[in-house]
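Below: the structure, in structure tokens.
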Amino acid sequence: MAPSRVSATTTLRASEHVLLRQAGDETVLLDLTSEEFFGLDGAGARMYELLAEPRTIDAVADVMVDEYDVGRDQLVTDLLDLAAELVARGLVVADE
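Per our numbering, the sequence shown starts with residue 2, numbered consecutively.
Below you can see the structure in the form of structure tokens.
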């Protein structure tokens, strides 16, 4: 599979075939298709929560920048890296 291209303006949404559960401080995603687990904590879990509604990384960063002690540029970079991985794993859908 080719690497997923995700930009700050790509509309993303949580995949419909992923079950979300809290396990202590970690959010666990279960892909019902592959039956694989994926763990998120902190900002990653918050991003996934926000993607319950279709949003861009820019829109997610607008919400999260006031919630975390990090600059917006660094936050966007980190969110893009995570989003690309989640799209590649099929846990997040990128709407073209």
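Think of the CB as a built atom: it goes at the ideal place given N, C-alpha and C, for glycine as much as any other residue.
State the DSSP-derived secondary structure class of residue i, mapped to helix, strand or coil.
| i | result |
| --- | --- |
| R47 | helix |
| E86 | helix |
| L33 | coil |
| L52 | coil |
| L80 | helix |
| P4 | Legend: pLDDT at P4 = 46, less than 50; position of this residue unreliable, value from coordinates given subsequently. If DSSP states are grouped into helix, strand and coil, P4 belongs with coil. |
| D67 | coil |
| A15 | strand |
| A60 | helix |
| L20 | strand |
| A95 | strand |
Please report the straight-line C-alpha distance between residue i and residue j, rounded to a whole angstrom.
| i | j | result |
| --- | --- | --- |
| T28 | A53 | 14 angstroms |
| R56 | A24 | 25 angstroms |
| L41 | D96 | 22 angstroms |
Going by the CB atoms, is the gap between residue j and residue i shorter than 9 angstroms?
| i | j | result |
| --- | --- | --- |
| L21 | L13 | no |
| A62 | R47 | no |
| V19 | L81 | no |
| V71 | A84 | no |
| L76 | V66 | yes |
| S16 | D26 | no |
Would you list the one or two residues that DSSP bridges to residue i?
| i | result |
| --- | --- |
| Q75 | Q75 pairs with nothing; no bridge assigned. |
| L41 | T28 |
According to the neighbour-count rule (16 or more other Cβ atoms, all chains shown, within 10 Å of its Cβ), is residue i buried or exposed?
| i | result |
| --- | --- |
| G45 | buried |
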